[in-house]
Amino acid sequence: MLLFPVLLLARMDSFDINKPLDYTIEEVNYFLAEAVEKKDTLTLGDCSYWLYLYHRYNSKGKGLDKAMEYFLQANSYYDVNSSVGDRLKIRIQLADLLLQEGYFHDALKNRKEILDYMESQQIVKEIPHAMSSLADVYIALGDTLNYLDFILKATQLANEQKDSFLLAINYTNIGTFYLEQGNYEKAITYSRKAVPIALKFKPASIGWSICLEAVALRKMKKYEAAIAVFKRGIPFYKNEQNSISKTYCDIASCYESLGNQKQSLFYYKKCKRLSDSILISEKNSKVNDLILKYDKTQNENEILQLEKKNNLQEIKTQRLNRLIALLVIGLIFSLLLYLIARKFYRQKAEQNQIIAQQEQDLRDQKIKVLEQTMETKAVRAILDGQEEERKRMARELHDGLGGLLSALRLQLDALKNKFGEKDKGFDSAIHMVNTSVNEVRTIARHALPEALVQMGLIAALNDFLNQMKVPDSPMIDFQYYGNIELNQEQILVVYRVVQELVNNALKYAKASEIMVLLVQDEETFSITVEDDGMGFDLEKIKEGSGMKTLRHRCQFLKGNLLIDARPNQGASFHIQFPI
Numbered sequence: 001m002l003l004f005p006v007l008l009l010a011r012m013d014s015f016d017i018n019k020p021l022d023y024t025i026e027e028v029n030y031f032l033a034e035a036v037e038k039k040d041t042l043t044l045g046d047c048s049y050w051l052y053l054y055h056r057y058n059s060k061g062k063g064l065d066k067a068m069e070y071f072l073q074a075n076s077y078y079d080v081n082s083s084v085g086d087r088l089k090i091r092i093q094l095a096d097l098l099l100q101e102g103y104f105h106d107a108l109k110n111r112k113e114i115l116d117y118m119e120s121q122q123i124v125k126e127i128p129h130a131m132s133s134l135a136d137v138y139i140a141l142g143d144t145l146n147y148l149d150f151i152l153k154a155t156q157l158a159n160e161q162k163d164s165f166l167l168a169i170n171y172t173n174i175g176t177f178y179l180e181q182g183n184y185e186k187a188i189t190y191s192r193k194a195v196p197i198a199l200k201f202k203p204a205s206i207g208w209s210i211c212l213e214a215v216a217l218r219k220m221k222k223y224e225a226a227i228a229v230f231k232r233g234i235p236f237y238k239n240e241q242n243s244i245s246k247t248y249c250d251i252a253s254c255y256e257s258l259g260n261q262k263q264s265l266f267y268y269k270k271c272k273r274l275s276d277s278i279l280i281s282e283k284n285s286k287v288n289d290l291i292l293k294y295d296k297t298q299n300e301n302e303i304l305q306l307e308k309k310n311n312l313q314e315i316k317t318q319r320l321n322r323l324i325a326l327l328v329i330g331l332i333f334s335l336l337l338y339l340i341a342r343k344f345y346r347q348k349a350e351q352n353q354i355i356a357q358q359e360q361d362l363r364d365q366k367i368k369v370l371e372q373t374m375e376t377k378a379v380r381a382i383l384d385g386q387e388e389e390r391k392r393m394a395r396e397l398h399d400g401l402g403g404l405l406s407a408l409r410l411q412l413d414a415l416k417n418k419f420g421e422k423d424k425g426f427d428s429a430i431h432m433v434n435t436s437v438n439e440v441r442t443i444a445r446h447a448l449p450e451a452l453v454q455m456g457l458i459a460a461l462n463d464f465l466n467q468m469k470v471p472d473s474p475m476i477d478f479q480y481y482g483n484i485e486l487n488q489e490q491i492l493v494v495y496r497v498v499q500e501l502v503n504n505a506l507k508y509a510k511a512s513e514i515m516v517l518l519v520q521d522e523e524t525f526s527i528t529v530e531d532d533g534m535g536f537d538l539e540k541i542k543e544g545s546g547m548k549t550l551r552h553r554c555q556f557l558k559g560n561l562l563i564d565a566r567p568n569q570g571a572s573f574h575i576q577f578p579i
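Position 468 (the sequence shown) corresponds to 468 in my numbering; numbering is contiguous.
What follows is the structure, given as structure tokens:
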């Protein structure tokens with residue numbers, strides 16, 4: 001068994017840095033020794049880079065100090081071959097790692113060489129990226145003049161090449177630079193340049209691209225505008241818990257500056273709740289690291305003890321091992337003959353089993369598709385029935401009761417003209433009939449909104465929400481982001497969802513503010529309705545017909561419903577579905 005690694009190495013032609021997981025530490029040391037003998041600096045660089053990765057990230061390595069020793073060694077070997085084009089990608093990665101580990105001057109040297117090589121070889125598409133990377137090193141060194149020079153050149157080239165992804169990132173970085181320099185107007189300008197492009201390509205920095213403008217507005221003491229932009233940016237942070245927590249804190253600070261202590265406390269609580277969950281997660285991670293470190297120390301001690309015992313018994317076991325080796329060779333030959341005979345019969349049985357399993361999977365898949373189709377039809381039937389009933393009720397109210405009330409008003413007008421010019425009772429009765437007619441029309445319009453059919457979703461929602469704004473009612477903030485492009489069924493369901501959630505908030509939440517936010521990108525559409533009212537306990541509340549209908553509508557849209565609510569801390573409903 002000890003001969004196997006040597007035989008394996010003898011069959012290999014050369015070391016390939018693109019397949020680092022295919023080698024053991026013994027194999028890399030073999031190639032390293034061979035490269036030293038042949039003075040092959042490229043292989044020496046590759047092996048040193050592999051050893052950097054091994055000691056940096058493998059639990060059996062010796063840690064960061066040893067890793068950086070090999071890292072700098074690899075860098076020196078690659079410097080000898082800086083003109084070799086097929087090592088360009090590795091040079092780029094080395095430059096990134098130098099910057100990451102804090103070797104800024106070495107990173108600057110590497111990135112200048114990479115840029116010079118790209119310009120000499122006319123690698124046009126990569127030059128703006130190389131310039132942006134060089135700008136990153138200058139800002140790390142505190143050289144703002146060179147940073148601004150290279151980042152603006154890179155942005156101009158990216159614009160000429162229509163490299164929208166790099167444009168979104170660079171606009172955000174330039175805006176951040178101006179924000180730190182105190183030039184808030186320019187920070188807002190570049191934020192607004194970055195956001196429309198970022199919405200198409202969705203880089204990881206899209207949340208900050210939006211909130212960059214909000215931070216600049218807060219610095220300029222435009223707190224209300226800053227709050228609106230902060231709220232727009234939160235959904236785009238996705239799972240970035242630290243960024244979301246900080247944004248909640250920024251919103252709370254803005255409300256505090258406006259003197260709105262209730263809203264400030266509401267968002268400070270949300271910030272604290274999220275921060276506490278992050279701290280718990282980090283604490284658990286540190287505990288796990290300590291356990292792993294303890295286990296590693298225990299294993300190393302056990303290995304040392306075993307090595308001492310093995311040294312005492314090594315001489316005695318050498319002769320026994322020779323006899324065992326001969327027996328093992330005989331057993332191996334016998335086992336090979338048995339396996340060859342058995343393999344033929346097993347292959348046939350396995351093929352039959354695979355065919356049977358595939359047929360069963362196909363039947364299960366057909367059953368699942370049929371169940372989903374039936375369930376979708378059932379949900380559609382429920383929603384269609386509800387809409388038909390709303391339409392019927394709207395027609396009955398408008399044509400039936402509305403017509404009767406209009407006729408009654410005409411008769412009262414006629415009687416007033418004939419008998420009651422001096423009787424004020426007729427005026428009171430006519431006023432009550434007019435109020436009833438208007439009330440019937442309002443109910444009919446809610447049941448079957450004309451604006452939804454004639455002008456679309458946004459106009460219909462604006463019409464509905466404006467009707468809800470009566471004296472002493474909560475403030476309703478309605479915002480939407482992106483081009484709203486849905487089919488008629490989706491538009492109707494979205495309208496009903498917002499209508500249901502806003503009505504519930506007005507009836508039960510006792511809130512001072514209700515926020516309605518619609519966001520559409522290339523793949524998804526999301527609805528957020530949030531209030532700062534009395535909230536509720538999700539585990540104790542009993543679902544009524546309204547909540548069941550809401551879940552049916554989400555199921556019809558093939559979307560997800562998330563509810564975040566706690567007593568006296570408001571409630572937030574978030575629905576997202578594919579388009």
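Virtual Cβ for every residue (Gly too), placed ideally from N, Cα, C.
Considered as a whole, the stretch 550-577 harbours 560-565 as its complete beta strand (DSSP E) runs of no fewer than 3 residues, in chain order. Cα atoms of C211 and I139: separation of roughly 21 Å, rounded to the nearest angstrom. Under DSSP, the beta-bridge partners assigned to T528 are L517 and H574. Cβ contact annotation for L274 (same chain, cutoff 7 Å, sequence separation greater than five): Q241, I244, S245 and Y248, in chain order. In the DSSP annotation of this structure, the continuous segment of the alpha helix (DSSP H) that includes Q156 starts and ends at T144 to E160.
Collapsing the DSSP output to three states places I169 in a helix. By a beta-carbon distance limit of 8 Å, L538 does not contact A509. Their separation comes to about 15 Å. Under DSSP, I476 shares a beta bridge with I514. With 16 or more other Cβ atoms from the protein chains shown falling within 10 Å of its own Cβ, Q263 counts as buried. At a Cβ-Cβ threshold of 9 Å, I476 and I514 count as neighbours. Rounded to whole angstroms, Y190 and I227 show a C-alpha spacing of 19 Å. Here S59 is exposed. Its C-beta has fewer than 16 other C-beta atoms within 10 Å. Per DSSP, G207 is one residue of the alpha helix (DSSP H) stretching across I206 to K219.
Non-local beta-carbon contacts of I527 in its own chain, meaning distances under 7 Å to residues more than five positions away in sequence, involve V494, V497, V498, L518 and I575 in chain order.
By the Cβ neighbour-count rule, N487 is exposed, with fewer than 16 other Cβ atoms within 10 Å of its own.
The residue from V529, I251 and G259 with its alpha-carbon nearest to that of Y268 is I251.
Taking A216 as the centre and dropping the five residues before and after it, the same chain places the C-beta of L179, Y184, A187 and I188 closer than 6 Å to its C-beta, in chain order. C-alpha of A107 to C-alpha of Q490: approximately 52 Å in a straight line. Here S209 really is in contact with V195; their C-beta atoms are around 5 Å apart, less than 8 Å.
Pairing K221 with G182 gives a Cβ-Cβ distance that is not under 9 Å. Buried is the label assigned to M131, since at least 16 other Cβ atoms lie within 10 Å of its Cβ. Excluding five sequence positions before and after V124, the CB atoms of its chain that fall closer than 8 Å to its own CB belong to Q161, given in chain order.
For P196, the enclosing alpha helix (DSSP H) stretches over residues Y184 to F201.
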